[in-house]
Amino acid sequence: MKNYIVILFLFTGFSMNAQVEKIVGNWSVKEVVSPKGNPIFEELIQSLDSSTFEFKSDKTLKLKTNQSAGSLDYMVQMIEQSKWNFENDIITLTDKSGSMIFMKIYVSTKDDKTLFSFQETDLILEVSKI
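So for the sequence shown, our numbering puts the first residue at 9; every next one is plus one.
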């Protein structure tokens, strides 16, 4: 019985590490899927276009953009002061202590495209791992 419990713990740990390794690395924004056509978000869309998310193995995150936008600057600052976790196709961004959740990003695949959908917003990005 003890052997089964040990195997279960090893399998669970391996499975979680495999999920984390799936997200570690650089993810380039190929397209801002949503919102589109709204002039209010045009500056944000242009700033996110061709940006890169860097998920580091130490659970830190960087967002590299080609240009600055007021609303995006706040997002970059918040992201760079957070830690990330990836489980069940959800990236959770928390403060450095892990006690407060800033944001959830849902990761999905549709028509061979990887999408990052940001909780409580219309923001959906098509991304690819580079």
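For each residue, glycine too, the CB sits at the ideal point set by N, CA and C.
Item to complete: Give me the Cα-Cα distance between Ser105 and Trp92, rounded to the nearest whole angstrom.
Response: 11 Å
Worksheet item: Can the beta-carbon of Pro43 be found closer than 8 Å to that of Asp130?
Response: yes
Item to complete: Determine, using beta carbons only, whether Gln127 and Met111 come nearer to each other than 8 Å.
Response: yes
Practice prompt. Starting from Ile99, trace the beta strand (DSSP E) both ways and give me its first and last residue.
Written response: Ile98 to Asp103
Discussion item. Between Leu133 and Leu56, how many whole angstroms is the CB-CB distance? I'm expecting something under 8 Å.
Written reply: 7 Å
Fill in: Boundaries (first-last residue) of the alpha helix (DSSP H) holding Ser55
Glu50 to Leu56
Worksheet item: Going by other Cβ atoms of all chains shown within 10 Å of its Cβ, with 16 needed for buried, is Gly21 buried or exposed?
Response: Legend: pLDDT at Gly21 = 45, less than 50; position of this residue unreliable, no value from coordinates given.
Worksheet item: Cα separation between Phe94 and Val40?
Response: 22 Å
Worksheet item: If we count the other Cβ atoms within 10 Å of its Cβ and call it buried at 16 or more, is Ser136 buried or exposed?
Response: exposed
Discussion item. Just list the residues that DSSP pairs Asn74 with in beta bridges.
Written reply: Paired residue(s): none; Asn74 is not in a bridge.
Worksheet item: Can Val32 and Phe63 be called in contact, C-beta distance under 8 Å?
Response: yes
Discussion item. Rounded to whole angstroms, what is the Cα-Cα separation between Lys72 and Leu52?
Written reply: C-alpha separation (whole angstroms): 13 Å.
Worksheet entry | Local conformation of Val40 per DSSP, three classes | Of the three classes helix, strand and coil, the one that applies to Val40 here is strand, per DSSP.
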